[in-house]
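In this note's numbering, the protein residues as written are 66 to 1218.
Beta carbons: idealized from backbone N, C-alpha and C, even for Gly.
The structure under discussion appears below in the form of C-alpha cells.
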C-alpha cells in the first residue's frame, strides 16, 4: 500500500492472492516482475494467468507506466490483467506509452487518462464514474477484439484537442455516454459502435473500419456532437444513423466510406462533403441542406440506394446541387428548397418524386444521363416548383406528373411524356423537343397546364398518339408544332407561336365541338407530309388561315363556322367541307385535290381552286364572301378540258350579288346586256344535275332588278345538264327567277330546243310573278294601297322597288309609307279642333247672361271712368266687344285597324261683338285666325293648316231656361309633307290643298239657383260639322298621289252640367266655374280620302286616325269683373276618350262701350 508516495517493485506481488492499494496522491510504477511460476513481465503488473484473485485498488491514485525500458525507437508497454477497483476517480498516466488493462475496471470512481499514448481497455468493465481523457486516447478493445468498454460510465470528457476515444472491436458496442470536449472519436474495429448519448465533443470523428452508428432502434438520441469533420477513411468504413427523429449532421464527411440512414427520422446533411462510398437510405429520410441553405450534399458518393418504400432523399437548398449518383431502390426523392437539384445519374429508384419548391433538373448541359428511374409519380406541389430536362438525347418520362408546378425542356434532345398527367403550371420548351405519347400510344399529355411556351426557333412540341388528344393550352413562342401519331390532336387555345406546323400522320384539328377557339397562331406554314395527314377546323365562328398549306395531305372543314384561306396553298390532298363554310380567297391553283361540299356546308370566296369541285345534295357553292359579291375561280389545273364543277341533284349555287346588284351591267359577246355580280369561273365544263338549285341573294337594303339577267357561272368548256330541271330560288315575294344561258347565236338569253345550254355561261333573270301587292296587306289601308299599286306600270320606280322587296314585313311597311294616310288624318285634326270655335261662342253667351242675377242686385264695382262705386249691372243695352285666345294639343292613338297615331295642335284667337235687340235676344258676330299642326310620325308625314273663321251667334233666356246658338265657317289652307322610304326606294313629297269647315251648334240649359250666389245648370247640346277639301296633287317622285275632293260630316251630341258661384276678393268680383260633360260622335267618324298614284293607277280609299266616339269633357276656370266695363276669363279645357285626348287653355276679355 502506498499513500502519497511512489512505489516501484521488483518483487513478487502475489503468488495467488493479494491486494495493492494506491491511495489518493500515491503512484504505482511497475518494473520487471516475476511471478511464482517464473513468468517474466517486462514493465508489467501481472499475476499468473490461472490466478485471478489479485486486484489493484486505485483509491484516487495514479497508475503510471515506467519509462526506464523505453528506447529511442520503442516504448515498453504496461500490460496488466489485474482487476482494478476505482473507489474514487483515479488516473492512469500512460507516460507517452501504452497501458493495456485486460482485467475488469470496476468501482464507483471515474477514470482519468493523462499523458500522450494510449490506454487500452479490453476487459468487461463496470466502473461508474466519468471517463476523462486529458491527453492521448482511451481505446476500447484491441485488435478487433470482442471486449473493452466504458462500463457504466456516464460521461466521456475528451478534454483537449489531442485527446481521443478509440473503439477497436470486431463486434457491436453501444456507447450511451455523453461525449464532450475538444477531443476526437475514432472507430477502428470492424464492428459497429453505436452512440446513443447527447454529445457535444468538437474534435474530428474518424471511422477507419467498421461502422459508427448514431442512435439505436429508432431512438431519439445519438449524435456526433459538435464534431467538425467525419472521416470515413476506408471503403469498409461507414456511418449509420438509426434515429426516429430529426438529426442534423453539419460535419464535412470525407473518405472512402459509406453513409446509411436506418431510422424512421430525418437526417440532414449540411456540410460540404466529399466521401466516396455508397449512400443508403433504408428507412426515414436523408436530407441535403436545411431551410434553403447553401450546403449539404452527398460528396462523391458512388451511389444512392433508397432501399425501402419508406425511405427517401430530400433536398432543401436554395442554390444549385448536382447529384451524379445512381439512385436506386424503392424509396422516394423530394425537392424542397428553392434552388435547383440536378440529377445526372442513370437511376432506377421506384418511389415517388416530389418537387415542393424550386427545380428538379434531369441532366445538365445537354448531357446524356439524368432521369427519374422507375419513379411512378411526379408531384409538382406548388406553383414555384418545376421539373426541367436538360439532356441532348431522348428521355421518356412515363410518370404521372401532377400538381401546380411547371415543366421545362431545356436540352436539345427529346423528352417524351407518356403518363396521364394533371400538372397545372406552364410548359416551356426552350430547346429541343417535348413529345406527348410515343409510337402511336394512348397516353402522354400536358395535364392541366395553361400555357405552352416554345421559346426559341429550335424548340418544338410533338404529339405521337394513336387516339384523340385535346390541347387547350395557349401555345406561344418561336417554336414549331408537329403531329406524328395516327390519332387526332385538337388545339382549342388562342395561340401565337410562329414556328412551322407539321402533320406527318393523323389529324391536327383546330377547335372542338363547334367551339370558338383553337388556331395555329402565327405559324409560318402548315406542312401536310403524307397522304394520311389532315388538317381539320371544327369551330363555330370565323377563322382565317393566312399560312400556306403545303404537302400531300388533306383538309376538312368540320365546324359550322367560316374558315377563310388567304394564303397561296399548294397541298394536293382532298378538301372536304362537311359543315360550315370554307372561303377560299387565296390563289391555290397548285392545290389540285378534289373539293367536295357536303350537305349543309358552303364553299365560297374570291380565290382560285386548283382541283375539281363537287357540290353534293344540300351543299352550297358561292362566289364572294357573305354580303360582298366576288369571283371564285375553279382552275382545273390537272384537267383543263374536263368537267371541273359538278353540282349534283339538290346541290346549291348561291349567287350573292352583294352591294353591286344594281350596277355592273355588261354586254355579252352574243349581244345582250347582263349584270355581273358574283360569278363562278370554271376552266373546263360545269355540270348541273336535275334538281340542283340556284339562289340569288344581295346585301341588306339592296334589291335586284327584274328583267335583267344576272351572270352566275362562266365556263370555258360549256354548261352541261338539263337547265329546265334546275330550280332557281330567291327570297322575293313578287318576283320569280328564270334560268337562261348565253346564246352563242346572239339572239338573247334563251335555251336551245333540247333545253341544253347553248353557250358557256349560265344566267338568271327575275320576272314579275302573279303575287298581288295587296296579298301581303293585313289592314284596310295596306290592302287598298296594294290594289292600287298592282295597276301601276312596271316602269314605275315605285313598282320596281316594291317588286324587289323580300320580306313581308318590309312590304307592309312600304304599303303604309305609300298610302298617304296623312291626308285623311289631317281631316281628323281639323274636325276635332273645331271644338275651340264653338266653345268660345258658348263662353261669350254664358258671360252675357249675368247668371240670372236680377237688375239692381247689390253687387257694386268701381266705375271705370269716375272711379266711384256703382251697381255692377251685368245686363246692358250697349254694344259689348269680346276676344278669346286659345290653344290646345291632342293625340289620337294608332288603331287595330292599322291607322297610325296622330299628334295635332292648334292655337289662335277669335274677336266678336254683340248687343241686346228686341225681346232680350242677344245677337253678335265674330271672326278669327288659327294655325293647326299635324304629325303622323310612324308614316314620316306631317301637315299644317292656316285657318280663317267667320261666324254669328244668338242667345236668349226665359227665366231659368237658356238657349245659345251659333254657326261658323273656316277656310283651311292645308300643306302636307311625306317621306316615302323602304328598301330600294326613297321619295319626298309635298302638296297644298284648300278646304272649308262649316258647323252649326246649339245648346239648351236650365239654371238652378242655390243660395244667393251659386248657380247649377244642366244642359244639352247638338253640333253638326262638315269638312270639305278640294282635290290635290303631290309633287315629288313616282310615289306622288292625286286626291279627289271629299266631304266629311260628323254630328256631336253633348250632355253635361255647369256650376258657378261669386266671390269678392278685395275690390274684385271673382266667379269660379266648372263644367263636366259627355259627348257622343256620330256619322262619318273615320275620315278618309280617295286618291291614286299620279303616274296612273286605280283609286284607293285610305282612312285616317278616327274621331273618338265617346268623350268626356272637362272645363274649369275663373272670371273676374275688373270694373263695370271689363271682365276677364281664364279656363282649362280637357277632352278624354279611350284612345285620344286633348288639352287646351282659353283666355277671354269682354269690354262694354
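Where residue i and residue j are concerned, what is the direct C-alpha to C-alpha distance, given to the nearest angstrom?
| i | j | result |
| --- | --- | --- |
| residue 780 | residue 567 | 36 Å |
| residue 160 | residue 203 | 13 Å |
| residue 448 | residue 508 | 24 Å |
| residue 850 | residue 885 | 9 Å |
| residue 580 | residue 609 | 15 Å |
| residue 187 | residue 211 | 8 Å |
| residue 1132 | residue 1072 | 27 Å |
| residue 498 | residue 478 | 6 Å |
| residue 719 | residue 688 | 7 Å |
| residue 462 | residue 401 | 21 Å |
| residue 240 | residue 181 | 23 Å |
| residue 752 | residue 1101 | 49 Å |
| residue 758 | residue 793 | 6 Å |
| residue 846 | residue 1204 | 19 Å |
My understanding is that residue i touches residue j, with C-beta atoms under 8 Å, so please give their C-beta distance in whole angstroms.
| i | j | result |
| --- | --- | --- |
| residue 551 | residue 570 | 5 Å |
| residue 238 | residue 205 | 7 Å |
| residue 147 | residue 121 | 5 Å |
| residue 971 | residue 944 | Between residue 944 and residue 971 the Cβ distance is about 29 Å, and since that is not below 8 Å, they are no contact. |
| residue 405 | residue 426 | 6 Å |
| residue 902 | residue 1171 | The Cβ separation is near 21 Å, so there is no contact. |
What did DSSP end up calling residue i once you bin it into helix, strand or coil?
| i | result |
| --- | --- |
| residue 902 | helix |
| residue 1190 | coil |
| residue 892 | helix |
| residue 1180 | strand |
| residue 151 | strand |
| residue 281 | strand |
| residue 847 | helix |
| residue 1205 | strand |
| residue 696 | strand |
| residue 897 | helix |
| residue 636 | coil |
| residue 352 | strand |
| residue 589 | coil |
| residue 985 | helix |
| residue 719 | strand |
Beta carbon of residue i: closer than 7 Å to some heavy atom of the ligand NAD?
| i | result |
| --- | --- |
| residue 902 | Looking at this structure, you won't find the ligand NAD or any other ligand, since it has none at all. |
Answer with buried or exposed for residue i, where buried requires no fewer than 16 other C-beta atoms within 10 angstroms of its C-beta.
| i | result |
| --- | --- |
| residue 947 | buried |
| residue 1213 | buried |
| residue 644 | buried |
| residue 1039 | buried |
| residue 296 | buried |
| residue 1147 | exposed |
| residue 897 | buried |
| residue 189 | exposed |
| residue 1128 | exposed |
| residue 803 | exposed |
| residue 1079 | exposed |
| residue 562 | buried |
| residue 1025 | exposed |
| residue 858 | exposed |
| residue 808 | Low local confidence applies: a pLDDT of 49 at residue 808 is under 50, so the model's placement there is unreliable, with the coordinate-based value given in what follows. Flag for residue 808 reads buried. |
| residue 1068 | buried |
Is the segment 345-357 close to the segment 374-386, with three or more CB pairs under 8 Å? yes
Is it the case that the segment 736-751 contacts the segment 690-702, given that we only count it when at least three CB pairs across the two stretches are under 8 Å? yes
Does the contact criterion of 3 or more C-beta pairs under 8 Å hold for the segment 1195-1213 versus the segment 891-910? yes
Meets three-Cβ-pair contact criterion under 8 Å: the segment 294-314 and the segment 257-275: The segment 294-314 vs the segment 257-275: in contact.
Within 8 Å, do at least three Cβ pairs link the segment 1044-1055 to the segment 985-1003? Using a Cβ-Cβ distance cut-off of 8 Å, the segment 985-1003 and the segment 1044-1055 are not in contact, since fewer than three pairs of beta carbons, one from each stretch, lie closer than that value.
With contact counted as at least three CB pairs below 8 Å, one residue from each stretch, are the segment 863-872 and the segment 972-992 in contact? no
Is the segment 390-397 in contact with the segment 359-376, if contact means three or more CB pairs nearer than 8 Å? yes
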